[in-house]
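Asker:
See the structure below:
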């Protein structure tokens, strides 16, 4: 059983795959498979908002979910939204199998700042862990935790890259049950 990270091409950032795999393993103790795939996201585009509906993308990811996937998380650089919010950094099914993260609003350049690839990688990793946490059943956390809700990029920067003690204990129990059930 694996966490799959699907880099949806075209993708403008060179992802440090080793760093991303390592941080996923440190938080969830699950191996990661990272691959790139071209997916036409035009079906999820809303011309009135000039954004892409992340919920529609989740349904597409469910169609291509590998059989051995604990989770499939797509990475994109299009601007995402859900109807009740102006934008989202990502979305995931709570206690489900798929999620999506966009780097569009994680880039310094969007805010008139100089590009910073290492900061972008760190923000991406935090959002990946956050959305995978939702896939594994975690809600937003009030502790100093990567599961804390983030409405602005600055809030992402203030979060740690790891789960707090309470969230970690929840995840360890949850992952243990998943692996025990898969061996029956």
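Numbering (this note's numbering), first residue to last: 1 to 184. Glycine included, each C-beta is placed from N, C-alpha and C at the ideal position. This structure is a prediction, so every number in the text was calculated from the model and none was measured.
Is residue 135 helix, strand or coil by DSSP?
Answerer: helix
Asker: Do you know offhand how far residue 180's Cα is from residue 64's?
Answerer: 25 Å
Asker: Going by C-alpha distance, which of 173, 125, 10, 136 is nearest residue 23?
Answerer: 125
Asker: Using alpha carbons as the reference points, say which of 1, 83, 156, 155 lies closest to residue 68.
Answerer: 1
Asker: Can you look up residue 46 in the DSSP assignment and give me helix, strand or coil?
Answerer: strand
Asker: Would you report the Cα separation of residue 38 and residue 131, rounded to the nearest angstrom?
Answerer: 21 Å
Asker: Using three-state DSSP, classify residue 25 as helix, strand or coil.
Answerer: helix
Asker: Is residue 135 near residue 44, with beta carbons less than 8 Å apart?
Answerer: Against a cut-off of 8 Å, the Cβ pair of residue 44 and residue 135 comes out as no contact.
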